[in-house]
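**Q**
Okay, here's the thing in structure tokens:
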């Protein structure tokens, strides 16, 4: 990761990440990358999903509607670049699938073991407890500068279905 990319990723960790398509394209340009029609279409399709975490295949399908020259390889390369710049996060679902999250602000993900839905979970108390206890976790032998936590369980829809009579 370049020094400039590291600075952007650090800023993303401090919740100063940019949000709109044009702001994100501006970051690409400031970092020396071109704001191509394909990158714009990929960003637009990802951000139009709102809070939904979507697969590269779905992002590609949506982007292709606006820019027919978008293909899956371009989509993955663009998502990788956006990830290095702190503008998108990749979440591995544990079943071989990955989804991409345009919310680059620090948060956790929860994956439903039944339907595969992936939801964003605010950092809240979990992070606060980790930060307060980090030195105790390693008896001072290790300084924690980051972490990744993934939650697995059942979404509200699957919990309701599972508790319904005859389910």
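Residue numbers (the working numbering): 205 to 371.
Quick reminder that beta carbons are idealized off the backbone N, C-alpha and C, glycines included.
In this text the structure is predicted, and so the values were computed from the model without any measurement.
State the beta-bridge partners of residue 314 as determined by DSSP.
**A** For residue 314, which the question treats as bridged, DSSP gives the partners 323 and 355.
**Q** By Cβ distance below 6 Å, which residues in the same chain neighbour residue 319 in space, the five residues on each side in sequence not counted?
**A** The residues are 362.
**Q** Count the other CB atoms, across all protein chains shown, that sit within 10 Å of the CB of residue 325; report buried if there are 16 or more and exposed otherwise.
**A** By the 10 Å Cβ count, residue 325 comes out exposed.
**Q** Would you say residue 363 reaches chain D, if we count a Cβ-Cβ gap shorter than 9 Å as a contact?
**A** The question asks about chain D, but that chain is absent: this structure has only one protein chain.
**Q** From the DSSP output, in three-state form, read off residue 292 for me.
**A** Correct three-state label for residue 292: coil.
**Q** Give the single residue among 225, 278, 335 and 292 whose Cα lies nearest to the Cα of residue 257.
**A** For the residues 225, 278, 335 and 292, the minimum Cα distance to residue 257 belongs to 292.
**Q** When every heavy atom of the ligand MN is checked, does at least one fall within less than 8 Å of the C-beta of residue 247?
**A** By its list of ligands, the structure shown contains no ligand whatsoever, and the ligand MN lies outside what it can speak to.
**Q** Alpha carbon to alpha carbon, what distance is there between residue 245 and residue 229?
**A** Going by the C-alpha atoms only, they are around 11 Å apart.
**Q** Mapping the DSSP letters down to three states, classify residue 302 as helix, strand or coil.
**A** Strand, per DSSP.
**Q** So, at 7 Å on beta carbons, what are the nonlocal neighbours of residue 317 in its own chain, with the 5 sequence-adjacent residues on each side left out?
**A** Cβ within range, chain order: 356, 357 and 358.
**Q** Restricting to Cα atoms, I'd like to know which of 236, 321 and 350 is closest to residue 332.
**A** If we check each option's Cα against that of residue 332, 350 comes out closest.
**Q** Which of helix, strand or coil does DSSP assign to residue 349?
**A** Coil at residue 349, not helix or strand.
**Q** Are the CB atoms of residue 253 and residue 279 within a distance shorter than 9 Å?
**A** No; because the gap between Cβ atoms is not below 9 Å, this pair is not in contact.
**Q** Residue 277 and residue 249 - do their beta-carbons sit closer together than 9 Å?
**A** The answer is no: Cβ separation not under 9 Å.
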